[in-house]
Structures are given as structure tokens and as C-alpha cells.
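Single-structure report; data block below.
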Amino acid sequence: LPFAVRYFKEAASLGSKLALIQLADLLIAGHGSPYDYENVYVWLYQTVSADKTYRNKVSTRMDALAQKMSPSVIKSARTVMRQY
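Under my numbering, the first residue of the sequence shown carries the number 228, and numbering increases by one thereafter.
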């Protein structure tokens, strides 16, 4: 699974919505690094803002990731999100 996380992360960073959702699912399941939570959370936010068809899928994953993140990381992510 480390390779899957790496490849989904790369594809998500290039704008793949499907890869982003898969990456979020892997992180929620405990794979990957907690250091990725903030970036993935922000990317999910950008996706839900830009594409209404993914709203439910993305919102569910944002909620699940937020449960794994510390309050300071959530605050940092929300600061970044305000820039968009």
C-alpha cells in the first residue's frame, strides 16, 4: 500500500478527483502518513468547492480526516482554505 499512497498522492496533486478520494480513503484507513492529512483535507475542500457532483463523497471524507487530525492541524488547514 505505500506505493498506492504515493501514486494516488501524485495523481491527486495533479488534479485527479478520483485519486484524491482514493487517497483520502487510504489515509482514513490508517495508511500513509499523518503529515499528509492537512494537504489532503485542503485538496478535498478545493474539490468540493469546485465540483458539486463530488460534494457528498468529499464532505464525508473531510469529516473522517478531521477526526484523525489535531485541532492545531485543522486550524492550519482552515487558514490555508480561506486563501481559496
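Cβ coordinates follow ideal geometry from the N, Cα and C atoms, glycine included.
Of the choices 271, 253, 283 and 274, whose alpha-carbon is the least far from that of residue 231? Along the sequence shown, one-based indexing puts residue 231 at 4. With distances taken between Cα atoms, residue 231 lies closest to 253.
Residue span of the alpha helix (DSSP H) that contains residue 229, given as start and end: Walking along the sequence shown from the start, residue 229 turns up at place 2. From DSSP, the alpha helix (DSSP H) with residue 229 extends over 229-240.
Take the Cβ of residue 259 as the centre, count every other Cβ of all protein chains shown within 10 Å, and call the residue buried at 16 or more, exposed below. Within the sequence shown, the letter at position 32 stands for residue 259. So residue 259 ends up on the buried side.
Since residue 236 contacts residue 263 with CB under 8 angstroms, what's their CB separation in whole angstroms? Taking the first residue of the sequence shown as 1, we reach residue 236 at position 9. Taking the first residue of the sequence shown as 1, we reach residue 263 at position 36. About 7 angstroms separates the two Cβ atoms, so the contact holds.
Under DSSP, the alpha helix (DSSP H) around residue 268 begins and ends at which residues? Here residue 268 refers to the residue found at position 41 of the sequence shown. Run containing residue 268: 264-277, per the alpha helix (DSSP H) assignment.
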